[in-house]
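Colleague: Questions regarding the structure given below will be posed in turn.
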Amino acid sequence: MELNAIEIVDRLITAFSAKNAADLAKKIDSTSAIISAWKKRNTIPYKEVYETSRTTGYSMDWILTGQGMKQTDKIQVIPEDNDYCHISQYSIEASAGQGALVEAENIDQHLAFKESWLRKSGINPANLIAIYARGDSMEPTIFSGDSLVIDKTKDTVTSDGGVYVINYDGELFVKRVQKQLDGLVAITSDNKNYQPMTIPIEGLTKLKIIGRVVWSGHPMI
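All letters in the sequence shown, in the order written, are residues 0 to 220 by the working numbering.
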């Protein structure tokens, strides 16, 4: 299913009961110029959609596609008496290879984690979302089909680097990302068959950090 950024912006406006795109920009701590760029380039603002769903109670599926029930509580992290919490995993794919456009938006499953373990690791489970990896460029660290748990609040790359899900020029990737001393951003793969790349300063406007990967895993059968 092909997503339409113009329609998604309209549904974000509805979710916030905003007057227009400028009013929406204020509510999501963005700018009118950024929203205009989404619409012009058909860039899907997944992070803002997720946060809008958590804030307003509107379904992430509905915001993205216009289909299904408008409001739902499925996006919430569900605590359980046995110290487990459930993290929603969406059928969204981040390419670990040559790049793939995000196309799917439904909740596939919920991943269960010990909430005490997450918090001991400095992770707030309310900030987590799970998607899938696709491609082989991050092997042997991440395999195609792996679940990726992302901390969406860790959206700033430092000189220490780490594994992040990024949106670059409208495509979603999972890569090692590191800020260099000269201000450039290095993008590398764990699979040595893939060449590293450096994003120049003029290309940084095309780069958006979705979040840092804090856990990855795959079925063993």
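Backbone N, C-alpha and C fix where the C-beta goes; we use that ideal spot for every residue, glycine too.
For the segment 89-148, list the alpha helix (DSSP H) runs that are entirely contained and at least 4 residues long, ordered along the chain.
Modeller: With a minimum length of 4 residues, the continuous alpha helix (DSSP H) runs that stay inside the segment 89-148 are 114-119.
Colleague: So, at 8 Å on beta carbons, what are the nonlocal neighbours of GLY216 in its own chain, with the 5 sequence-adjacent residues on each side left out?
Modeller: Here the set comprises ASP145 and SER146.
Colleague: Which one or two residues does DSSP pair with ASN166 in a beta bridge?
Modeller: Paired residue(s): LEU171 and LYS207.
Colleague: Should the segment 161-180 be called in touch with the segment 118-126, which here means at least 3 C-beta pairs below 8 Å?
Modeller: As far as the Cβ criterion goes, the segment 161-180 does not touch the segment 118-126, which means the pair count is below three.
Colleague: Taking ILE27 as part of the beta strand (DSSP E), name the residues at either end of that continuous run.
Modeller: Counting along the chain, ILE27 falls outside any beta strand (DSSP E), and DSSP gives it neither H nor E.
Colleague: Please classify ILE130 as buried or exposed, where buried requires at least 16 neighbouring CB atoms within 10 angstroms.
Modeller: ILE130 comes out buried.
Colleague: Counting only the same chain and skipping the five closest in sequence on each side, list residues whose C-beta sits under 6 Å from that of MET196.
Modeller: So the qualifying residues of the chain are ILE186.
Colleague: Kindly indicate the opening and closing residues of the beta strand (DSSP E) around ALA185.
Modeller: That run of the beta strand (DSSP E) goes 184-187.
Colleague: Measuring straight from C-alpha to C-alpha, what distance separates PRO229 and ASN190?
Modeller: Any property of residue 229 remains undetermined from this structure, which presents the chain solely from 0 to 220.
Colleague: By DSSP, does LYS18 sit in helix, in strand, or in coil?
Modeller: If DSSP states are grouped into helix, strand and coil, LYS18 belongs with coil.
Colleague: Label GLU201 either buried or exposed according to how many other C-beta atoms from any shown protein chain fall within 10 Å of its C-beta, with 16 as the threshold for buried.
Modeller: The residue in question, GLU201, is exposed, as its Cβ has fewer than 16 Cβ neighbours within 10 Å.
Colleague: Here's a check: name, in chain order, each residue in its chain whose Cβ is nearer than 7 Å to the Cβ of LYS69, leaving out the five neighbours to either side.
Modeller: Within the same chain, LYS69 has close Cβ partners TYR57, SER58 and TRP61.
Colleague: With DSSP as the reference, please indicate the residues paired to GLN177 in a beta bridge.
Modeller: Beta-bridge pairing links GLN177 to ALA185.
Colleague: How many Å lie between ALA4 and ALA21 at the Cα?
Modeller: So the alpha carbons of these two residues sit roughly 16 Å apart.
Colleague: Could you tell me which residues DSSP pairs with GLN70 in its beta bridges?
Modeller: Its beta-bridge partners are TYR57.
Colleague: So, under 8 Å CB-CB, LYS151 and TYR49 are touching, yes? Tell me the CB distance rounded to an integer number of Å.
Modeller: About 7 Å separates the two Cβ atoms, so the contact holds.
Colleague: Taking ASP28 as the reference, which of ASN41, LYS46 and ARG40 has the closest Cα?
Modeller: Out of ASN41, LYS46 and ARG40, LYS46 has the C-alpha closest to the C-alpha of ASP28.
Colleague: DSSP three-state label for VAL8, please.
Modeller: The answer is helix: DSSP assigns VAL8 an H, G or I state.
Colleague: Mind checking whether ILE165 and ILE149 have CB atoms under 8 Å apart?
Modeller: Their beta carbons are not under 8 Å apart, which means ILE165 does not touch ILE149 by this criterion.
Colleague: Could you round the C-beta distance between ILE86 and PHE112 to whole angstroms and report it? I think they count as a contact, below 8 Å.
Modeller: 6 Å between Cβ atoms; contact.
Colleague: Excluding the five sequence neighbours on either side, which residues of its own chain have a C-beta within less than 7 Å of the C-beta of ALA17, listed in chain order?
Modeller: Counting only Cβ-Cβ distances below 7 Å, and skipping sequence neighbours, we find LEU23 and LYS26.
Colleague: CA-CA distance, GLY169 and ASN41?
Modeller: Roughly 8 Å between the two C-alpha positions.
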